[in-house]
Amino acid sequence: MGRDWVQHCSVERREGYGTEAIQIITDYLFLTKDDSTRMQAVVDKENLASKRALENCGSEEEGVLRKALWNAAGKWVDGCLCSTLREEWNEPKILAN
Ligand SMILES: CC(C)(COP(=O)(O)OP(=O)(O)OC[C@H]1O[C@@H](n2cnc3c(N)ncnc32)[C@H](O)[C@@H]1OP(=O)(O)O)[C@@H](O)C(=O)NCCC(=O)NCCS
């Protein structure tokens, strides 16, 4: 899967949609790609909502990638590398088998 930028309207935030979207992507990856061992994401180190949504889906922080992301304000910022291993995912939480 490629690089993407997720954003939705501010009135719909904190309703669980971000967590749900990440869970669906994780389920889809592990259900459809048998050879995938991990799902990884790099998010702005200061973006608490993104980090929390990943954490809700079982993702763990692995480390900091310095000045790895170009943000919406036009600045290089540190990225937080997060991952979920296939064995941590275990089974689909939203998508059906
Ligand atoms: C990041 C984003 C997609 C998350 O979507 P969301 O629908 O708000 O996510 P959720 O509702 O699943 O919330 C996930 C967690 O983050 C927390 N959270 C949400 N907004 C927050 C904020 N501004 N500050 C701190 N925590 C926040 C929620 O309370 C929730 O924590 P909890 O599970 O402990 O209750 C959304 O906030 C957004 O569009 N942000 C602006 C663009 C952006 O930053 N995109 C990501 C680029 S990497």
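Residue numbers for the sequence shown follow the numbering used here, beginning at 7 and rising by one.
Built from N, CA and C at the ideal position, the CB exists for glycine as well.
Using DSSP's beta-bridge definition, name the partner residues of ASP50. Position 44 of the sequence shown, counting from 1, holds the residue named residue 50. GLY85.
Under 8 Å: does the beta carbon of ASP84 sit that close to some heavy atom of ligand 1? In the sequence shown, residue 84 corresponds to position 78, counting from 1. Not so, every heavy atom of ligand 1 lies at least 8 Å from the Cβ.
Within 8 Å, do at least three Cβ pairs link the segment 68-86 to the segment 37-44? no
Range of the contiguous beta strand (DSSP E) that encloses LEU71: The residue you call residue 71 lines up with position 65 of the sequence shown. Taken as a continuous stretch (DSSP letters only), the beta strand (DSSP E) holding LEU71 covers 66-76.
In the DSSP assignment, the alpha helix (DSSP H) including GLN29 goes from what residue to what residue? Here residue 29 refers to the residue found at position 23 of the sequence shown. GLN29 -> alpha helix (DSSP H) spans 23-38.
Express the C-alpha separation of GLY24 and LYS39 in angstroms, rounding to a whole number. Residue mapping note: residue 39 aligns to position 33 of the sequence shown, counting from 1. Residue mapping note: residue 24 aligns to position 18 of the sequence shown, counting from 1. C-alpha separation (whole angstroms): 22 Å.
Might you give, ordered along the chain, the residues of its own chain that have their beta carbon closer than 7 Å to the beta carbon of THR90, omitting 5 neighbours on each side? In the sequence shown, residue 90 corresponds to position 84, counting from 1. Contacts found: THR32, ARG44, MET45, CYS63, GLY64, SER65.
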